[in-house]
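Asker: For the working numbering, count along the sequence shown from 1 and bump the result up by 554.
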Amino acid sequence: MSTLANAVDRVAPVHPRNTAAGIVMVVDDNPANLRLMEEMLRPRGYEVRSFPRGRMALAAAGQKPPDLILLDITMPEMTGYEVCERLKANPQLSKIPVIFLSALDALEDRLQGFRSGGVDYISKPFQFEEVQARVDAHVRLRRFQIQIETDNRRLQDLVQAQVRRIAEGHLATIFAIARLAETRDDQTGKHLERIQTFCQLLAEGLSRTPALRSIIDKSWIEDIFHASPLHDIGKVAIPDRILQKPGKLTPEETAIMKTHTTLGAHTLRAVHERFPDNNLIAMGIDAAQSHHERWDGGGYPDGLRGEEIPLCARILAVADCYDALRSKRCYKPAISHEETCGIILEGGGTQFDPAVIAVFRELAETFRDVRHTMDIAAIGANNA
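Laid out in structure tokens, this is it:
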């Protein structure tokens, strides 16, 4: 047995060969140093991976990241400083601890090692016990760090799952309240679901236009999908004698009916005061208040004109009009898809936002298919 092996055996108790202790990468252009590290660390249970060049080590680390890297500084092609800097620049490898093992012992050499990203610096010649102690400590720290990161991700997943459950519960409650208002004059009970889908389709179409690409993102589309059922929530306060009147409303009755916009917005503002950061409720306020405004300023309750009207309300106005015209109510019959499209397209630039109408024109057949599919589903559910 060699003198080197005898020395290693004296300071390193032999453990069964396994990777339980961790993976240590050794990078040094001196084969004798590589053998020394292998004979010192393997008996302690480490898997040792040795490389004589920095580029080779970086490539190997990308394939199978080690728990720790022992890195020489003075090497051909690439110095240890450069290897460490490249390692730290890689998000997948940046957290691997690096211990510099070098014959360079000047203060500036050590400082440069720490500036390049090293966590420790051992000067050659070194004591076996010192190297082993530092390797053990940094590998344990790295293992603890990985465990903490894993636990944090698991905790974040649990928190997000709980937030989703709470959010879904809130959305279900909001939708139930909105449906309470809607079922008083909707025979199918699917008006809100259709409005959600129509608003989503229009918003997705508008998101592809240059002028609105920066406004309508995935989150915005999700908000309008969930906020759109709130547009008629104020109808809860409208008397049945008006809401379900089969004939034409009197001027006084019409004035009362129009208050469903401000009543709904007022109700939602009270909710928003308690939850000021809730974008969905904020959008619901705009939807309730402004979905009967007209592009030409002739709508109600505020007589808003053009882009003064919130974008969600301009989208909702088209979606709501399409479904209302296609639906039978106690005060009117349903009309065909073709007639409905004619009325809506004719209203572009007067009743409706021209940009929304342009998207509706492209999606008109999709609207018909959605309406047909959901009508069949509603009939099936009612017959079940």
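Backbone N, C-alpha and C fix where the C-beta goes; we use that ideal spot for every residue, glycine too.
What does residue 579 pair with, by DSSP beta-bridge criteria?
Answerer: In the sequence shown, residue 579 corresponds to position 25, counting from 1. In DSSP, residue 579 forms a bridge with 603 and 623.
Asker: On the DSSP letters alone, give me the boundaries of the alpha helix (DSSP H) that residue 778 sits inside.
Answerer: Within the sequence shown, the letter at position 224 stands for residue 778. Element bounds for residue 778: 772-781.
Asker: Which whole-angstrom value describes the C-beta separation of residue 616 and residue 629, a residue pair presumed to lie in contact below a C-beta threshold of 8 Å?
Answerer: Start at 1 with the first residue of the sequence shown, and residue 616 comes out as number 62. Start at 1 with the first residue of the sequence shown, and residue 629 comes out as number 75. Beta-carbon to beta-carbon, residue 616 and residue 629 are separated by about 19 Å, too far to satisfy the 8 Å threshold.
Asker: For residue 647 and residue 756, I'd like the C-alpha separation in whole angstroms.
Answerer: Counting from one through the sequence shown, the residue named residue 647 turns up at place 93. Counting from one through the sequence shown, the residue named residue 756 turns up at place 202. Each residue's alpha carbon lies about 44 Å from the other.
Asker: Shortest alpha-carbon distance to residue 652 belongs to which of 805, 791, 638 and 645?
Answerer: Locating residue 652 in the sequence shown gives position 98, where the first residue counts as 1. It is 638.
Asker: Does DSSP classify residue 742 as helix, strand or coil?
Answerer: Counting from 1 along the sequence shown, the entry for residue 742 is found at position 188. Note that residue 742 scores a pLDDT of 46, beneath 50, so its modelled location is shaky and nothing firm can be said.
Asker: Could you spell out where the alpha helix (DSSP H) holding residue 668 opens and where it closes?
Answerer: Taking the first residue of the sequence shown as position 1, residue 668 is located at position 114. 661-669 is the extent of the alpha helix (DSSP H) around residue 668.
Asker: Using the C-alpha atoms, what's the distance from residue 820 back to residue 773?
Answerer: Taking the sequence shown and counting its residues from 1, one reaches residue 773 at position 219. Taking the sequence shown and counting its residues from 1, one reaches residue 820 at position 266. Going by the C-alpha atoms only, they are around 25 Å apart.
Asker: Using a 10 Å radius around the Cβ and a threshold of 16 neighbouring Cβ atoms, would you call residue 888 buried or exposed?
Answerer: Residue mapping note: residue 888 aligns to position 334 of the sequence shown, counting from 1. Classification of residue 888: exposed, given that the 10 Å Cβ count is below 16.
Asker: Using a 10 Å radius around the Cβ and a threshold of 16 neighbouring Cβ atoms, would you call residue 795 buried or exposed?
Answerer: For this step, residue 795 is matched to residue 241 along the sequence shown. Classification of residue 795: exposed, given that the 10 Å Cβ count is below 16.
Asker: Excluding five sequence neighbours on each side, which residues of the same chain lie with their C-beta closer than 7 Å to the C-beta of residue 837?
Answerer: One-based indexing of the sequence shown puts residue 837 at position 283. Excluding sequence neighbours, residue 837 sits near 777, 778, 781 and 866.
Asker: Quick check on residue 890: buried or exposed, where buried means 16 or more other Cβ atoms within 10 Å of its Cβ?
Answerer: What you label residue 890 is simply residue 336 of the sequence shown in a count that begins at 1. Counting Cβ neighbours within 10 Å, residue 890 comes out exposed, since fewer than 16 surround it.
Asker: For residue 602 and residue 625, I'd like the C-alpha separation in whole angstroms.
Answerer: Translated into positions along the sequence shown, residue 602 becomes position 48. Translated into positions along the sequence shown, residue 625 becomes position 71. Rounded to the nearest angstrom, the two C-alpha atoms are 13 Å apart.
Asker: Which residues in the same chain have their Cβ closer than 7 Å to the Cβ of residue 944, if we skip the five residues on either side of it in sequence?
Answerer: Residue 944 is absent from the model: the chain starts at 555 and stops at 938.
Asker: What do you get for residue 751, buried or exposed, if any count of 16 or more other CB atoms within 10 angstroms of its CB means buried?
Answerer: Mapped onto the sequence shown, residue 751 falls at position 197. Buried, because 16 or more other Cβ atoms sit within 10 Å of the Cβ of residue 751.
Asker: Once DSSP output is grouped into helix, strand and coil, what is the label at residue 829?
Answerer: For the purposes of this step, residue 829 is taken as residue 275 along the sequence shown, with counting starting at 1. Residue state, collapsed to three classes: coil.
Asker: Can you give the Cα-Cα distance for residue 922 and residue 761, rounded to whole angstroms?
Answerer: Walking along the sequence shown from the start, residue 922 turns up at place 368. Walking along the sequence shown from the start, residue 761 turns up at place 207. In a straight line, the C-alpha of residue 922 is about 21 Å away from that of residue 761.
Asker: Assess, as a yes-or-no matter, whether the segment 820-832 is touched by the segment 844-859 under the definition of 3 or more beta carbon pairs within less than 8 Å.
Answerer: no
Asker: Report the CB separation of residue 749 from residue 873 in whole angstroms; it is logged as a contact under 8 Å.
Answerer: The residue you call residue 749 lines up with position 195 of the sequence shown. The residue you call residue 873 lines up with position 319 of the sequence shown. That pair is a contact at about 5 Å.
Asker: Give me the Cα-Cα distance between residue 893 and residue 818, rounded to the nearest whole angstrom.
Answerer: On the sequence shown, position 339 is the one that residue 893 refers to. On the sequence shown, position 264 is the one that residue 818 refers to. Going from the Cα of residue 893 to the Cα of residue 818 covers about 30 Å.
Asker: What number of angstroms, rounded off, separates the C-alpha of residue 798 from the C-alpha of residue 709?
Answerer: Residue 798 sits at position 244 when you count from the first residue of the sequence shown. Residue 709 sits at position 155 when you count from the first residue of the sequence shown. Going from the Cα of residue 798 to the Cα of residue 709 covers about 51 Å.
Asker: Any idea what DSSP makes of residue 676, helix, strand or coil?
Answerer: Your numbering for residue 676 matches position 122 in the sequence shown. The three-state secondary structure of residue 676, taken from DSSP, is strand.
Asker: Measuring CB to CB, does residue 656 end up less than 7 Å from residue 627?
Answerer: The residue given as residue 656 occupies position 102 in the sequence shown. The residue given as residue 627 occupies position 73 in the sequence shown. Contact flag set, yes.
Asker: Would the beta-carbon of residue 554 fall within 7 Å of that of residue 597?
Answerer: Residue numbering for the chain in the displayed model covers 555 to 938; residue 554 lies beyond these limits and cannot be assessed.
Asker: Given a cut-off of 7 Å on the beta-carbon distance, is the pair residue 870 and residue 841 in contact?
Answerer: Here the question's residue 870 lines up with position 316 in the sequence shown. Here the question's residue 841 lines up with position 287 in the sequence shown. Cβ atoms of residue 870 and residue 841: closer than 7 Å.
Asker: For the candidate residues 905, 631 and 672, whose alpha-carbon lies nearest to that of residue 642?
Answerer: Position 88 of the sequence shown holds residue 642. Out of 905, 631 and 672, 672 has the C-alpha closest to the C-alpha of residue 642.
Asker: Select from 633, 775, 899 and 861 the residue whose C-alpha is nearest the C-alpha of residue 611.
Answerer: For this step, residue 611 is matched to residue 57 along the sequence shown. Looking at the Cα atoms, 633 is the closest of the given residues.
Asker: In this structure, how does DSSP classify residue 656 when only helix, strand and coil are distinguished?
Answerer: Position 102 of the sequence shown, counted from the first residue, corresponds to residue 656. Reduced to three states, the DSSP call for residue 656 is strand.
Asker: Which residue comes first and which comes last in the alpha helix (DSSP H) that contains residue 585?
Answerer: Position 31 of the sequence shown, counted from the first residue, corresponds to residue 585. Segment 585-595, the alpha helix (DSSP H) holding residue 585.
Asker: Using CA atoms only, rank isn't needed, just tell me which of 903, 823, 714 and 803 is closest to residue 847.
Answerer: Counted from its first residue, the sequence shown places residue 847 at position 293. Taking only the C-alpha atoms, the option nearest residue 847 is 903.
Asker: Would a C-beta distance cut-off of 7 Å place residue 918 and residue 895 closer than the cut-off?
Answerer: The residue given as residue 918 occupies position 364 in the sequence shown. The residue given as residue 895 occupies position 341 in the sequence shown. Yes, the Cβ-Cβ distance between residue 918 and residue 895 is below 7 Å.
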